[in-house]
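Protein chains in written order, with this note's numbering: chain A, -11 to 268; chain B, 506 to 921. Beta carbons are placed, not taken as given, at the ideal position from N, Cα and C, and that holds for glycine. Let me begin by presenting the structure, written as structure tokens, before commenting on it.
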Amino acid sequence: MSFVVKYYGWGLRHFMHYILHPPRHIRIIIVSLLVAIAGTIFFLFPRDDGTLAEIRQRGTLRVGLDASFPPFETINEQGEIVGLDVDIAQAVAADLGVELELVNIGFDGLYDALLARRANLVISGLPYDPRWTQDVAYTRNYFNAGQVLVTSATKLTIEGPEDMAGRIVAVEWGSQADMEGRRLAKEMAGMTLQRYPSAAEALEAVLNDQADAAIVDGVSAVAATGRGLRLVTYLTDEWYAAAVHIDSRELLDVVNQTLTRLDESGEMAKMQAKWLENGE
Amino acid sequence: MQWQISKNSTTKVPGLIFICYLERYNLEMSNQTNAFNPNFSGAFWLRWLLIVLCLFLAAIVLRAAVPPRPIELGPQQTALTTNPKMGVHTRLTDEVEPWKVKRTLEMVRQMGAPWIVEYFPWAYREPLPGFFDWSHSDLVINHANRQGLKVIARLGFVPEWARPTDSASSFLLPERRPDFADYVQAFVNRYGDRIAAVIIWNEPNLALEWGFQPIDPEGYTELLKLSYQQVQASNYPNVPVLGGALAPTLAPPGSDQAMNDLIYLQRMLDAGAGEAMDGLAAHAYGWSFPADDPPQPDLINFRRTELLRQMLVDNGYPHMPIYITEGGWNDHPRWTRAVKPAQRIEYTIQAYELVESWPWAKTAALWAFRYPWPARTYLDYFTFVTPEFDPKPIYFEIQRYSRGEVSESSSDVNHK
């Protein structure tokens, strides 16, 4: 241990000397490390795969979706694929100045379609999934489908789940909202959970003053806001985002710009109202 | 200085490096007149760096080599239920942590389901030809037995060494079929006294499950026959061999993706499958229909199983039992084939009751008890328990049913 004692007595001057003037073999190691780091950065730094240029050259944006998920995407009576996601895809295509081509694929095959280049972009009520982030890149979130606490627009005293003590809360029996309600009831003294056969009936109970609040999923909650009900807070998050191939960096930027534009201009809110509140 | 290192020590390589370093260091230190000579100190730093690196490597090797903490099997349990045909398909194949395996099986038992179906992939058990790793299957079967559960083992998934490079894991060349049959025999030799049945393959009427080769009922029957013969030649020839459950599908004739399950089964029976199985596994999904919706050849519903049963009878196998090894309903809020959560509860209980009344049905193991991680799709809405072991309301309702208690649907649910 004597060398340790000596080391501590060695002094800052010597220490700095060896930091600033390292011996030759240390210099070689440092230079080698720097070369290795530079090489790694060169090979690993994300490079674009040219998808955006290909879309512009072809004149079409191929969007993959599973048209079995209303109101995000479904097939209408005329056999057309319509929905909130289709409108968003249309906006992206318009910003790119190309035509929109919808590719209807089963949900399980959406990521594979991106990887196999059958689709340039997937917009399909797609929840963010960290396990896919080595292969695909997600855009910014555009909708939260998590569980929401909803109350009457006139009940201003309810500001959060902590106000549920002693209250009656309506939920759809057996649903995720029911699970959240059971969890909340364990924490809030005197909270009563009332179960209904559907989310719509749970919301109806709030409107009819049979319950103080309801817990429903994000889509049902947004749809209810125009009917005298108020979103208090999200109890859980389930964010939807679009996805591109991990190497389609430029396309990702474009889609993000479109989503930002739709948000900031209020168009996203209008689209949501169109598909969720009005149930087109 | 003498250094002793066990042959089996996982620290062997980094340990040797460390020892070499120490000995050389001691030698150099003894030769130094001034340990802090500036010319020496550069190497001094480098050596400390090496020490730290060696320790770090040793820590990594040790960490990787330490087996998962063993979990006590606990006392022998019994699944108490009013309906002994209740079952679930568990998803423990990719569950690494032993406590999660045990917790899952405990919760199955506490729900009142005495049967489970579990998948035991060939590729995981025999990663190299003739080299078997039974550690995970031992874990699952030991815990299942201790919880008093009957295990139906589904076998499939071709290892890389038994198929061409870049082929699908369900791709099995005819010349490799005997290798699969050997795996079936090895599995039965090990677990024959602790399992209720083995299922040979899964949904072979889908191209996806047949290695994207042309769908081939006669080829599958050949595989079934080879497997059956190997079980007959095993230490436990009485273990029931089940014909692989077919995917219920209305695929049009000539489809390269799937073959109608009724057509496929008839071709299997024509090829002699009835003599090479002790029972038939079946998948019974209800989609948006109630459990008692009448069966029709052009409709997928829970009672489609009765059409399979009739086909067995018509072909001279009236005593051959059917095991429902997947099935059930999905309660995703907006998936088009889903039902409302309340309906899912109602239909599931209805299905268990229906199967109890079918003398030719051994069990209904519904899909799926719990996933090891969220699928983040509608598939999550098939489960009874979340990946975090939170029971869903359907779990409590099935538990009430299995205990003969009153359902919430008739107590405190507000019907309009």
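Is residue j closer than 9 Å to residue i when the C-beta atoms are compared?
| i | j | result |
| --- | --- | --- |
| Ala158(A) | Ile203(A) | yes |
| Ser732(B) | Ala686(B) | yes |
| Thr180(A) | Ala187(A) | no |
| Ser112(A) | Phe131(A) | no |
| Asp100(A) | Ser236(A) | no |
| Val110(A) | Val51(A) | yes |
| Gln245(A) | Asp83(A) | yes |
| Thr48(A) | Ala81(A) | yes |
| Gly784(B) | Tyr725(B) | no |
| Gly909(B) | Thr587(B) | yes |
Are the C-beta atoms of residue i and some chain B residue less than 9 Å apart?
| i | result |
| --- | --- |
| Glu160(A) | yes |
| Gly113(A) | yes |
| Asp205(A) | yes |
| Met259(A) | no |
| Ile17(A) | yes |
| Pro149(A) | no |
| Ser335(A) | Outside the displayed span of chain A (-11 to 268) sits residue 335(A), for which this structure offers no information. |
| Phe60(A) | yes |
Put residue i into one of helix, strand or coil per three-state DSSP.
| i | result |
| --- | --- |
| Phe901(B) | helix |
| Asp205(A) | strand |
| Ala787(B) | strand |
| Ala564(B) | helix |
| Glu255(A) | helix |
| Ile76(A) | helix |
| Ser514(B) | For Ser514(B), the predicted model reports a pLDDT of 43, less than 50, meaning its position is unreliable; a value from the coordinates is still stated below. Coil, per DSSP. |
| Trp863(B) | coil |
| Arg842(B) | coil |
| Ala149(A) | Note on residue identity: the sequence assigns Pro, not Ala, to residue 149(A). Pro149(A): helix per DSSP, three-state reduction. |
| Ala540(B) | With a pLDDT of 46 at Ala540(B), under the threshold of 50, the modelled position of this residue cannot be trusted, and the question is left open. |
| Leu22(A) | helix |
Please classify residue i as buried or exposed, where buried requires at least 16 other C-beta atoms within 10 Å of its C-beta.
| i | result |
| --- | --- |
| Arg212(A) | The sequence shown places Ala at residue 212(A), not Arg. Ala212(A) comes out buried. |
| Thr248(A) | exposed |
| Ser916(B) | Bear in mind that a pLDDT of 49 at Ser916(B), under 50, signals an unreliable position, so the model cannot answer this. |
| Leu8(A) | exposed |
| Phe874(B) | buried |
| Pro580(B) | exposed |
| Leu269(A) | It is not possible to answer for residue 269(A), since the shown part of chain A is limited to -11 through 268. |
| Met4(A) | exposed |
| Asp803(B) | exposed |
| Gly273(A) | Because chain A in this structure spans residues -11 to 268, residue 273(A) falls outside the shown range and cannot be described. |
| Asn743(B) | exposed |
| Lys258(A) | exposed |
| Gly592(B) | buried |
| Leu144(A) | exposed |
| Glu190(A) | In the sequence as presented, Glu is not what sits at residue 190(A); that position holds Ala. Buried: at least 16 other Cβ atoms inside 10 Å. |
| Asp200(A) | buried |
| Arg1(A) | exposed |
Any Cβ of chain A within less than 9 Å of the Cβ of residue i?
| i | result |
| --- | --- |
| Ala873(B) | no |
| Trp550(B) | yes |
| Lys730(B) | no |
| Thr538(B) | Model confidence at Thr538(B) stands at a pLDDT of 46, short of 50, so the residue's coordinates are unreliable; what they give is reported in the following sentence. Cβ-Cβ to chain A under 9 Å: no for Thr538(B). |
| Trp792(B) | no |
| Phe865(B) | Inspection of the sequence shows that residue 865(B) is occupied by Trp rather than by Phe. Chain A, which has no Cβ nearer than 9 Å to the Cβ of Trp865(B), makes this no. |
| Trp878(B) | yes |
| Phe541(B) | Caution is warranted here: a pLDDT of 48 is assigned to Phe541(B), below 50, making its placement in the model unreliable, and the coordinate value is therefore given only provisionally. Yes, Phe541(B) lies at the interface with chain A (some Cβ there is under 9 Å from its Cβ). |
| Glu665(B) | no |
| Glu714(B) | no |
| Glu910(B) | no |
| Glu902(B) | yes |
Along chain A, which residues have their Cβ under 8 Å away from the Cβ of residue i?
| i | result |
| --- | --- |
| Pro898(B) | Trp161, Gly162, Ser163, Asp166, Met167 and Arg170 |
| Asp599(B) | By Cβ distance, chain A contributes nothing, its closest Cβ being about 12 Å from Asp599(B), past 8 Å. |
| Pro846(B) | Glu160, Trp161, Gly162, Ser163 and Asp166 |
| Asp836(B) | Gly162 and Ser163 |
So which residues of chain B does residue i contact, with C-beta pairs closer than 9 Å?
| i | result |
| --- | --- |
| Phe95(A) | Trp840, Thr882, Tyr883 and Leu884 |
| Ser236(A) | Going along chain B, no residue has its Cβ under 9 Å from Ser236(A), so there is no contact; the nearest lies around 21 Å. |
Find the residues of chain B that neighbour residue i, judging by a C-beta separation of less than 8 Å, and give them in chain order.
| i | result |
| --- | --- |
| Ile69(A) | Ordered by position in chain B, no residue passes the 8 Å Cβ test against Ile69(A), which lies about 13 Å from the chain. |
| Ser56(A) | Trp840, Thr841 and Arg842 |
Which residues in chain B sit within 7 Å of residue i, going by Cβ to Cβ distance?
| i | result |
| --- | --- |
| Asp336(A) | This structure gives no information on residue 336(A), because the portion of chain A shown stretches from -11 to 268. |
| Ser186(A) | Lys845 |
Name the chain A residues that come within less than 9 Å of residue i, Cβ to Cβ?
| i | result |
| --- | --- |
| Ile850(B) | Trp161 and Gly162 |
| Asp775(B) | The premise fails here: Asp775(B) is roughly 32 Å from chain A at the closest Cβ pair, so nothing lies under 9 Å. |
So which residues on chain A does residue i lean against when the C-beta distance must stay under 7 Å?
| i | result |
| --- | --- |
| Asp895(B) | Met167 |
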